[in-house]
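Numbering (this note's numbering), first residue to last: 31 to 341. Notes for the one structure printed next.
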């Protein structure tokens, strides 16, 4: 089944949840088109094709968001890939003045767990005097039609670069390695036992105009991990866009010394930390019941077999 078919099938599941069927319907537009479905937006006069009918009764996600945000809003729905284990409906909410917030919907037990964990994490971060990292804030968190609804503040970025929480238009600023290292260190210092963002991917960070780092998608935040896991994750996820998982894992270990040099780790310590990071990532995939990189025996074991630094 193609990616487009998977996204359209998932869209068919999501629309009745957010826009329950009613006697009054409205027409939305699927952009760019049905062969490349990415966003479902309100229909405009100049739109051609991509017509999708949605329920337009008195109890939709838009009426709910209008009530909790205190203003009339319309939404754009991100049409997510159905293969993702942490998939959930993601919406952009717009008011008369523009973008109001980003909305995550906990529609399954797994999605609700991640959304609630992110709420707890962001509320904790709001009470910490962060100097480098800028997380989104929680505008609203509650329940609607047995779904968890989380509304996040938009990050002050002018670039759309990711399948995550960035507004439309403009370009991203290049993130300097020094800024990435400072952010990794600040996040690690959030817990005496060490902490990591958990999904510190290139598409989940952006440089702010004031020299700080905007970081979103805190669903995987955790404590009790070695310093440098976030830096390794950032590198590894970037490599996965250029090479196969096994090669990316091998490159991650081979370059670990350079990646973790800002944190004062020796070459041997860096390689050991990289191995532990890859094992932790494989264990996460196993616990999630979904292995996007394939079986760990294929991409991870050959790397570990050649590491003499492991006990």
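Heads up, the beta-carbon is just placed ideally off N, CA and C, and yes, glycines get one too.
Given a cut-off of 9 Å on the beta-carbon distance, is the pair residue i and residue j in contact?
i           : j           : result
residue 292 : residue 253 : no
residue 243 : residue 205 : yes
residue 184 : residue 103 : no
residue 233 : residue 155 : no
residue 258 : residue 303 : yes
residue 37  : residue 109 : yes
residue 41  : residue 82  : yes
residue 212 : residue 245 : no
residue 95  : residue 141 : no
residue 265 : residue 285 : yes
residue 9   : residue 337 : A query on residue 9 cannot be resolved here, the shown segment of the chain reaching from 31 to 341 and no further.
residue 162 : residue 209 : yes
residue 158 : residue 220 : yes
Under the DSSP definition of a beta bridge, which residues are partnered with residue i?
i           : result
residue 69  : 61, 108
residue 225 : 253
residue 173 : 178
residue 55  : 85
residue 216 : Partner(s): none; residue 216 has no beta bridge.
residue 136 : 178
residue 164 : 244
residue 131 : 123
For a test of the three-state rule: what should DSSP assign to residue i, helix, strand or coil?
i           : result
residue 151 : helix
residue 320 : coil
residue 81  : strand
residue 237 : strand
residue 300 : helix
residue 193 : Note that residue 193 scores a pLDDT of 35, beneath 50, so its modelled location is shaky; the value from the coordinates is reported in the next line. Coil at residue 193, not helix or strand.
residue 44  : helix
residue 383 : Given a span of 31 to 341 for the chain in the structure shown, any question on residue 383 remains unanswerable.
residue 199 : Confidence is the limiting factor: at residue 199 the pLDDT is only 35, short of 50, which leaves the residue's position unreliable and the question unanswerable from this model.
residue 230 : coil
residue 293 : helix
residue 141 : helix
residue 125 : strand
residue 280 : helix
residue 331 : helix
residue 93  : helix
residue 32  : coil
residue 49  : coil
residue 29  : The chain is shown from 31 up to 341; residue 29 falls before or after that span and cannot be answered.
Is there at least one Cβ from chain D nearer than 9 Å to residue i's Cβ?
i           : result
residue 225 : Among the protein chains of the structure shown there is no chain D, as only one such chain exists.
Whole-angstrom Cβ separation of residue i and residue j, contact assumed at under 8 Å?
i           : j           : result
residue 118 : residue 89  : Contact flag wrong, Cβ pair sits at about 20 Å.
residue 152 : residue 133 : With 8 Å as the limit, residue 152 and residue 133 do not qualify as a contact, their Cβ atoms being about 14 Å apart.
residue 100 : residue 51  : The pair is not a contact, with the Cβ atoms about 27 Å apart (cut-off 8 Å).
residue 69  : residue 106 : 5 Å
Under 8 Å: do the region 269–286 and the region 161–177 share three or more Cβ pairs, one atom per stretch? No: the two stretches stay apart, fewer than three of their Cβ pairs being nearer than 8 Å.
Could you tell me whether the region 122–129 touches the region 324–335, using the rule of 3 or more Cβ pairs below 8 Å? With fewer than three CB-CB distances shorter than 8 Å, the region 122–129 does not count as touching the region 324–335.
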